[in-house]
Amino acid sequence: MKKLLLPFTILLVLILGACNSETTDTKASETKDEPTTITYESETGPVEVPADPKRVVVLATYAGNVAALDVNLVGVDSWSKSNPGYDSYLADVEEVSEENLEKIIELDPDLIIGSSTTQNLDKIKEIAPTVTFTYGKVDYLTQHLEIGKLLNKEKEAQAWIDDFKERSAVAGKEIKAKIGEDATVSVIENFDKQLYVFGDNWGRGTEVIYQAMGLNMPEKVKEMALEAGYYALSLEVLPEYAGDYVIFSKVADQDNSFQETDVFKNIPAVQNGQLFEANAEEFYFNDPISLDYQLEFFKDSFLKQ
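Residue numbers (this note's numbering): 15 to 319.
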């Protein structure tokens, strides 16, 4: 009986060995066939970039987009590094600048992302594949999708966009039901002793308020700030630009003494408790991390007042 079973045992071992060899060969072939680079169609032409970037340096306002797509960052600009909303994402990430090329080289990036106004681009492009974007050339959601394409994570970027649109639309309806369909909202900021009011595409939560939630912009703001993105104004005329509700993107270490003036205190939104102060450092950008935070801030501010 043992002699009879022996040939079958040997045959079974040979078959299993062949199957394992075929599986290993298939996996090796699949790994070999996976591209190590992709071609991204940038504003300035096609750029060959890593298909799976591991060490990304961002020299512009897109660090939050990269972090939200779970791609490893090794260097970011000072504005991003100082944003408390990014703390958990950038704890071990170095601060870099376009002037300090040696620091960028030390970080050994495999991809660099900058803006069209980034300095030393010719030299930076010699360090690693470099892609730049022009701020405002496309809307904020398309911008995130483009960064998703660049990082070979278009599906993930689109999934967040679809979810954000749904969540913000629901929030907009709830807020309008609470404050009224015709209520207006202004966004202001004080920087270097200069007051600004913002349109619908300059960060500070404006994309969420006006585009995503569909809240109303005062006519005066629409006239002066919508096209340019922002408008500098004096304290004396601020009441003309103040909506029924005012979002104050407050820079804590700036001179905010204008809040103690009668002009400011007599603004109806201030008198009615309809001014909401936000930390400017968490309101500068319009990436998924910032937008999610801003959306929750507005829901809490408008619905729980």
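Glycine included, every Cβ here is placed at the ideal spot set by N, Cα and C. These figures come from a predicted structure and were not determined experimentally.
Does residue i come out as helix, strand or coil in the three-state DSSP assignment?
i      : result
Ala81  : helix
Asp314 : helix
Gly217 : coil
Val284 : helix
Met226 : With the sequence shown as reference, residue 226 is identified as Ala, and Met is not the correct amino acid for it. Looking at Ala226 - three-state DSSP - the assignment turns out to be helix.
Ala239 : helix
Ser271 : helix
Gln208 : strand
Glu62  : strand
Ile141 : coil
Val88  : strand
Glu254 : helix
Leu305 : helix
Glu48  : coil
Glu113 : coil
How is the beta strand (DSSP E) around residue i delimited, first residue to last?
i      : result
Gly162 : That residue, Gly162, is in no beta strand (DSSP E); its alpha helix (DSSP H) goes 154 to 164.
Ala246 : 244 to 247
Glu203 : 199 to 205
Tyr259 : 259 to 264
Ile52  : 51 to 56
Leu289 : 289 to 293
Leu125 : 125 to 129
Enumerate in chain order the residues of its own chain whose CB-to-CB distance from residue i is below 6 Å, with the five nearest sequence positions on each side excluded.
i      : result
Tyr224 : Asp214, Met231
Leu229 : Val199, Ile223
Please list the terminal residues of the continuous alpha helix (DSSP H) segment that includes residue i.
i      : result
Ile189 : 168 to 193
Phe278 : 276 to 279
Ser102 : 101 to 104
Ser94  : 92 to 95
Might you give, ordered along the chain, the residues of its own chain that have their beta carbon closer than 8 Å to the beta carbon of residue i, omitting 5 neighbours on each side?
i      : result
Ser111 : Leu73, Asp91, Ser92, Lys117
Leu240 : Gly213, Asp214, Met231
Thr51  : Glu62, Val63, Pro64, Ala65
Val80  : Val70, Val72, Leu87, Ile127, Ile161, Leu165
Ala197 : Lys190, Leu229, Asn230, Gly257, Asp258, Tyr259
Just to check my reading of the structure: residue i and residue j have Cβ atoms closer than 8 Å, yes? What is that Cβ distance to the nearest angstrom?
i      : j      : result
Leu87  : Lys95  : With 8 Å as the limit, Leu87 and Lys95 do not qualify as a contact, their Cβ atoms being about 10 Å apart.
Phe278 : Leu252 : 7 Å
Thr132 : Glu57  : 13 Å between Cβ atoms; not a contact.
Ala294 : Glu170 : That pair is no contact at about 29 Å.
Ala283 : Phe311 : Going by Cβ atoms, the distance from Ala283 to Phe311 rounds to 17 Å, so no, they are not a contact pair.
Thr144 : Leu135 : 7 Å
Val201 : Tyr245 : In fact, because the Cβ distance is near 11 Å, the residues do not count as touching under 8 Å.
Can you give me the Cβ contacts of residue i inside the same chain, cut-off strictly under 7 Å, excluding the 5 residues immediately before and after it?
i      : result
Ile119 : Ile141
Lys163 : Tyr54
Is the closest heavy atom of the ligand GTP to the C-beta of residue i under 7 Å?
i      : result
Gly228 : This structure lacks the ligand GTP; in fact it carries no ligand of any kind.
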